[in-house]
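Structure first, commentary second.
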DNA sequence: CAATAATCGAGACGGTACGTCGCGTCTTGGG
DNA sequence: CCCAAGACGCGACGTACCGTCTCGATTATTG
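Chains as they are written, first to last, in the numbering used here: chain A, 9 to 206; chain B, 9 to 206; chain C, 9 to 206; chain D, 9 to 206.
Structure (structure tokens):
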């Protein structure tokens, strides 16, 4: 018989999945408490009830640990219901807006915008695995809108996507006040209707 | 003899203006090289040819030094020419887009988005002195557009401002490619016309 | 079928004698290479081609392993031939002198002199099983000399034994040069004749 | 004016002599408490009220620290009074015997005999700075005895020195009982008179 | 012959000390 | 009173070894 995943069972004691998860959880909490690099690996190990070696056996350095911690947060975007482009955009914008206020997710943007050169691989991987999927999902809704005729045929999908996500994420950076109800809808509507007279 | 500012010359050797400027320059370069808190005060002092005490005599901690360094970058926003709302918005968006690509300014956004909890006073001050003036300038142009009838009377100025700045700043975070020419214009136009059919 | 020793065979796989010997050999080599507690159990196990558990199943800790390793070195003292006290003492002194140069045995004295508090049981056992027998053998030769009249009747056996063994072992600690030929004889003769004029 | 030693005063804050001494003291105590390499640098620094960097700024590793700590113990041998070779030898033997019982000095012999390969430079330096001077002092007394006719003209000075020091140091290794009064004298007398009949 | 049980090599586990590095402060001699 | 230089106490970093534990596989005795 094989090990759990059917792979040929390397010799030696297998790595503890409990430890792995405990470390990631402790890291996520620490990020929320102390900020991206206020995290101290010693504390993470201690709070996870784990030796430092167990941590460094899996992730060679702080950066790799942070990559993994963020990856474990993978908040699934809502799947577009597909009835109305407007409604789908609003739903996704709400998720983004909510995430931007959650300190844990707020840290993700910190990564994206701020720690790029300190943790370059973290940035690259985060963009690839988190940012791009979200952007692509929004693009796909926009493209669908063009196809169905809900959106103008000359819509610049990329520009629209940036305006939508940018507006949501730019709001209240550093603010602790939650987004006003209806905020996401107002952004989407402004973008749909345009603001120019006529 | 008086000191530079004409104030009544305290006893003792006056502070060296050379040192002050060298420290700020070194800090700005270090920010560009290593990121907001990849900066190490020891390196800054060494690169400025200055003792650490000379640095800490002026700024009590890293955060204060960073505040001063960013302040010294103060890039003036272009004054709106006032002829066309569209043209004024494009001009300002271009400045924002260019700044977002300059690694030195990019660090400013890092601050805004990422280091808020590590350097709270830096964030607050940066928002107050840099972000808000820019936002207010854009708001004023939008309000003018409503007044002149160039923009719809029911325009949500705040939302429009966020969509504009957000789109420009969200583009290509971490990218090194410069914005395509015409990018700022396309953002402004998308926002003006809206993307909904009809 | 019975196990090797004819005892009533416990259930389960019997312990590998190969492993046991390989561990002891590796330990002795490691002691020679790195010193008494420069030995690292992980290296011993690896060099013996054995898992760490196999080692710790036999010896509960490093100290026990060291005890066993030293015991396996048990170099028998030459039996005194009994013809001449002088010749017997020289023979024994030569063995001591030779042993003092052998790095493996040199480590034994390290134990005696240096690691007593770190490995107290090792020290106690080593003294009991190695040092005392040697000393006692020398004492017995000296006592025989007093009885036969070869040595002065007021000889202080303990003092003479200490002077003899001490001289031999004190020579060239840390030296790599072998004892000059005749060294042991010269020590014994100096002790026999005394150095005072007349 | 110059710094303490008259040397040309390097720039920067001078190293604290207090810290240096506190570290050495803490090390000596730790050696006495825990043994040569039971010493933990972190504890030494803590007990000395000093940061680890301050310790490592002076001594690159544990070994160097131990070298310095032992050097600071430099117990001066009594100067021979020069009246009687026998009395001088006894005086020196008494100092050696006393030192051999002092746990702090006992550690020195541990070094000499046991840790040679783990701390080779420590051993070399210790031999050069502590052992050799002592041996040389004893040799000089012996040579004086030969010259004055107190000792036999064919005395093997080296052998006699080894017998004397070896006997004193071999006694009761690991024992906690103090040397019996008169022990040193008995060793010296045995060596002077010889133990052979006639 | 099957079941049971202790062994094997391998290597992960929780701890703890190591030696390094950066922070913000302090202390020199010399303008 | 300032300057450059650099030592100070502190505390996190990432490494290495201890003695324990957990795998799948092997090798004996026992039912």
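Think of the CB as a built atom: it goes at the ideal place given N, C-alpha and C, for glycine as much as any other residue. Please read all numbers here as calculations on a predicted model, not as lab measurements.
Query, Result
"Buried or exposed: where does residue 96 of chain C fall if 16 or more other Cβ atoms within 10 Å of its Cβ makes it buried?", "buried"
"Cα-Cα, which of C/165, C/130, C/173, C/31 is closest to residue 61 of chain C?", "C/31"
"With distance defined between alpha-carbon atoms, name the residue in D/133, D/23, D/47, D/142 nearest to residue 101 of chain D.", "D/142"
"Suppose contacts are defined by Cβ-Cβ distances below 8 Å. Is residue 171 of chain C in contact with residue 85 of chain D by that definition?", "no"
"Measuring CA to CA, which of A/50, A/168, A/80, A/151 is closest to residue 133 of chain A?", "A/80"
"If you measure from the beta carbon of residue 100 of chain D to each beta carbon in chain C, is any gap under 8 Å?", "no"
"Could you give the DSSP three-state label for residue 210 of chain A: helix, strand or coil?", "No statement about residue 210 of chain A is possible, as the shown extent of chain A runs from 9 to 206 and does not include it."
"Given a cut-off of 8 Å, decide if residue 163 of chain B and residue 149 of chain B are closer than it, judged by their beta-carbon atoms.", "no"
"Give the DSSP-derived three-state secondary structure of residue 204 of chain B in the structure shown.", "strand"
"What does residue 72 of chain C reach in chain D if we use C-beta pairs closer than 9 Å?", "What residue 72 of chain C touches in chain D: nothing, since even the nearest Cβ is about 18 Å away."
"So is residue 146 of chain C in contact with chain D if we call contact Cβ pairs under 8 Å?", "no"
"Taking one C-beta from the region 34-44 of chain C and one from the region 33-43 of chain B each time, how about it: are there three or more such pairs within less than 8 Å?", "no"
"Who are the neighbours of residue 167 of chain C on chain D, taking C-beta pairs under 7 Å?", "175, 194, 195, 198"
"Short check: CB of residue 201 of chain B to CB of residue 168 of chain A, under 8 Å?", "no"
"Please report the distance separating the alpha-carbon of residue 55 of chain C from that of residue 34 of chain C.", "6 Å"
"Does the distance from the C-beta atom of residue 190 of chain D to that of residue 174 of chain C stay below 8 Å?", "no"
"I'd like to check one pair, residue 28 of chain A with residue 213 of chain A: are the Cβ atoms closer than 8 Å?", "With chain A covering only 9 through 206, there is no way to say anything about residue 213 of chain A."
"Note down, in chain order, every chain C residue with its Cβ under 8 Å from the Cβ of residue 159 of chain D.", "203, 204, 205"
"From the DSSP output, in three-state form, read off residue 124 of chain A for me.", "Reliability fails at residue 124 of chain A, whose pLDDT of 49 lies under 50, so the model's placement of it is uncertain and no value is given."
"Taking the alpha carbon of residue 176 of chain C as the reference point, which residue from C/74, C/90, C/78, C/106 has its own alpha carbon closest?", "C/106"
"Less than 8 Å between the beta carbons of residue 130 of chain C and residue 166 of chain C, yes or no?", "no"
"CA-CA distance, residue 53 of chain D and residue 19 of chain B?", "42 Å"
"For residue 184 of chain C and residue 78 of chain C, I'd like the C-alpha separation in whole angstroms.", "In this prediction, residue 184 of chain C has a pLDDT of 45, which is less than 50 and means its spatial position is unreliable; what the coordinates show is noted afterwards. For residue 184 of chain C and residue 78 of chain C, the distance between alpha carbons rounds to 21 Å."
"Can you tell me whether residue 104 of chain B is helix, strand or coil according to DSSP?", "helix"
"Let me know the secondary structure DSSP gives residue 51 of chain B once reduced to three states.", "helix"
"For the candidate residues B/58, B/138, B/90, whose alpha-carbon lies nearest to that of residue 75 of chain B?", "B/138"
"Rounded C-beta distance between residue 195 of chain B and residue 94 of chain B? I'm assuming under 8 Å.", "That pair is no contact at about 11 Å."
"Looking at the structure shown, is residue 23 of chain B part of a helix, part of a strand, or coil, going by DSSP?", "coil"
"Using a Cβ cut-off of 7 Å, pull out every chain A residue sitting near residue 163 of chain B, in sequence order please.", "203"
"Specify the secondary structure class of residue 91 of chain C as computed by DSSP and reduced to three states.", "coil"
"Within the 8 Å Cβ cut-off, does residue 79 of chain D reach chain C?", "no"
"In whole angstroms, what separates the C-alpha of residue 161 of chain B from that of residue 152 of chain B?", "11 Å"
"Can you tell me whether residue 84 of chain D is helix, strand or coil according to DSSP?", "coil"
"Identify, in the order they occur along the chain, each residue of the same chain with its Cβ nearer than 6 Å to the Cβ of residue 192 of chain A, setting aside the five sequence neighbours on each side.", "98, 101, 102, 105"
"To the nearest angstrom, how far is it from the Cα of residue 63 of chain A to the Cα of residue 140 of chain A?", "29 Å"
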